[in-house]
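Numbering (this note's numbering), first residue to last: 23 to 113.
Here you go:
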């Protein structure tokens with residue numbers, strides 16, 4: 023729960039690190055609350071947070087492949103930052 027809450031922290035470094043931590047956990051982290059937090063993070067103002075969220079969703083395996091996640095990833099392919107667009111395509 024603390025890691026999920028960290029995805030909404032005031033400090034973007036904390037938000038980014040929380041997203042990246044889920045990527046390191048991989049499929050073990052594929053829970054509905056985690057997926058929802060990562061989808062929310064994909065609309066963050068800071069591109070590094072969006073990038074971390076895209077990367078994490080790609081590492082969670084098949085479970086996150088919901089319509090909401092797919093729509094968020096498709097939307098991220100139009101992100102202003104090329105790193106986010108690339109990661110969304112990989113995820």
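For glycine and all other residues, C-beta sits at the position ideal for the given N, C-alpha and C.
My output table needs one value for residue i: the three-state DSSP class, helix, strand or coil.
i: residue 80; result: helix
i: residue 36; result: helix
i: residue 72; result: helix
In chain order, what residues of the same chain lie with their CB nearer than 7 Å to the CB of residue i, ignoring the 5 residues before and after it?
i: residue 112; result: 80
Can you tell me the Cα-Cα spacing of residue i and residue j, whole angstroms?
i: residue 72; j: residue 63; result: 6 Å
i: residue 105; j: residue 44; result: 19 Å
i: residue 46; j: residue 40; result: 10 Å
i: residue 38; j: residue 86; result: 19 Å
i: residue 32; j: residue 96; result: 26 Å
Among the options, which residue has its Cα nearest to the Cα of residue i?
i: residue 69; options: 94, 101, 49; result: 101
i: residue 84; options: 28, 27, 57, 26; result: 57
Who are the near neighbours of residue i in its chain, counting only those whose CB is closer than 6 Å to its CB and skipping five residues on each side?
i: residue 48; result: 81
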